[in-house]
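Residue numbers (UniProt numbering): 1 to 318.
Glycine included, every Cβ here is placed at the ideal spot set by N, Cα and C.
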Amino acid sequence: MQDDIMTLRVVRRDIQTNEIAVIDLAAESGADLPAFEAGAHIDIHLDEGLVRQYSLSNPPGERHRYRLGVLLDPASRGGSKAVHERLHEGVQVKVGVPRNLFPLDGSAPHSLLVGGGIGITPMIAMAYELRDAGRSFELHYCCRGRDKAAFIDELESAFGDALVMHFDDEEAAQRLDIKALLGAQPADTHLYVCGPTGFMDWVIGAAGQAEWPHSRVHSEYFSAEVDTSGAAFEVEAVASGVTVQVEEGMSIAQALRAAGVKVNVSCEEGVCGTCICEVLEGTPDHRDHFLSEEEKEDNDQIAVCCSRAKSARLVIDL
Ligand code: FES
């Protein structure tokens, strides 16, 4: 292991529903892997400059493997396509140690887990952790159809009645009625949601309308549209001694990179947190899905891969 990057091997690969690669990674030597908690993800280094985050979906107590589920996205910018094309059994891959930006709240009397499509992956690890700790939870898995739902056999046998499936193409009565579901929850339930952006916005919006506090709504975006519209502004990267103009249609990170400043980025979609910088002056226009609402209100951090400025000038610690 070098620093926090490991070289692991694909020890098992199973294509489910024709479009989801379920991949087990293990150490070459068979040694234990660094432990992880439910909600954690790993960075997969697919190529120079191509690093993608994938949630771990196996039981968090396991140390012999990391299990991923990767949907082949037709609109892939390279990540899921590279996983499907290259990560066959026996192939080595560089992997970061697990990081958890989506942890369970240990104080919740009940946890409502809602996964849409491939967003089920972190929910599976959460359900295992809650089940094994004897804590109250329910797992809702929403899919376009039964033929698009990976992991079904595993989920049914692991979680029994705690699992509720919802298919878009089956009878209306079994489709997710998010308003009714939220309304039926015990007091102080915590909601966890992951899935496509539109699905998450729908669930989180319903929780907002039902006046669930932010502190009980937890989410993780896999990917998001980046909106770089809006007026140009100036950014001073103090530590680098560089000032750039960020035009409409470009990100702060792109403008700084063009001026020779090294900017650490990974997802470039505002979901992973790699590019977060401290704001020393000015007001950010937050467009990421990583910072919490409270953090955004503080206006002292910015995701430079996607967010912009409400003020004419921003000064950042980079
Ligand atoms: Fe992932 Fe900016 S690079 S949030």
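Report all residues from its chain with a CB closer than 7 Å to the CB of residue i; omit the five preceding and five following residues, and keep chain order.
i: residue 321; result: The structure shown does not extend to residue 321, since the chain is modelled only from 1 to 318, so the question has no answer here.
i: residue 239; result: 317 and 318
i: residue 237; result: 256, 261, 316 and 318
How about residue i: is its Cβ closer than 6 Å to a heavy atom in the ligand FES?
i: residue 193; result: no
i: residue 270; result: yes
i: residue 277; result: no
i: residue 197; result: no
i: residue 102; result: no
i: residue 228; result: no
i: residue 137; result: no
i: residue 243; result: no
i: residue 159; result: no
i: residue 222; result: no
i: residue 303; result: yes
How far does the beta strand (DSSP E) with residue i in it reach, from first residue to last?
i: residue 199; result: Careful: residue 199 lies outside any beta strand (DSSP E), inside the alpha helix (DSSP H) at 197 to 209.
i: residue 219; result: 217 to 221
i: residue 96; result: 92 to 96
i: residue 140; result: 137 to 143
i: residue 108; result: Premise fails: residue 108 is in no beta strand (DSSP E) and is neither H nor E.
i: residue 82; result: No beta strand (DSSP E) holds residue 82; the alpha helix (DSSP H) holding it covers 79 to 86.
i: residue 245; result: 242 to 246
i: residue 237; result: 233 to 237
Going by C-alpha distance, which of the options is nearest residue i?
i: residue 60; options: 87, 29, 120 and 98; result: 98
i: residue 115; options: 191, 264, 303 and 215; result: 191
i: residue 223; options: 89, 184, 267 and 232; result: 267
i: residue 13; options: 66, 29 and 62; result: 66
i: residue 273; options: 259, 292, 235 and 133; result: 292
i: residue 119; options: 276, 71 and 93; result: 71
i: residue 309; options: 64, 45, 230 and 38; result: 230
i: residue 234; options: 250, 219, 227 and 221; result: 250
i: residue 258; options: 104, 243 and 160; result: 243
i: residue 138; options: 303, 112, 287 and 38; result: 112
i: residue 227; options: 123, 208, 297 and 303; result: 303
Using a Cβ-Cβ cut-off of 6 Å (strictly less than) and excluding sequence neighbours within five positions of residue i, which residues of its own chain qualify?
i: residue 199; result: 116
i: residue 171; result: none
i: residue 2; result: Because the pLDDT of residue 2 is 45, which lies under 50, any placement of that residue in the model is unreliable, and the question is left without a value.
Taking its Cβ as the centre, do 16 or more other Cβ atoms sit within 10 Å of residue i, making it buried, or is it exposed?
i: residue 40; result: buried
i: residue 247; result: exposed
i: residue 107; result: exposed
i: residue 214; result: exposed
i: residue 109; result: exposed
i: residue 317; result: exposed
i: residue 7; result: exposed
i: residue 52; result: buried
i: residue 31; result: exposed
i: residue 91; result: exposed
Taking the alpha helix (DSSP H) that residue i falls in, what are its first and last residues?
i: residue 159; result: 152 to 159
i: residue 178; result: 178 to 183
Could you check whether the Cβ of residue i sits closer than 6 Å to any heavy atom belonging to the ligand HEM?
i: residue 266; result: The ligand HEM is not part of this structure, which contains only the ligand FES.
Return the chain-ordered list of same chain residues with a C-beta closer than 8 Å to the C-beta of residue i, the five sequence neighbours on each side being excluded.
i: residue 202; result: 178
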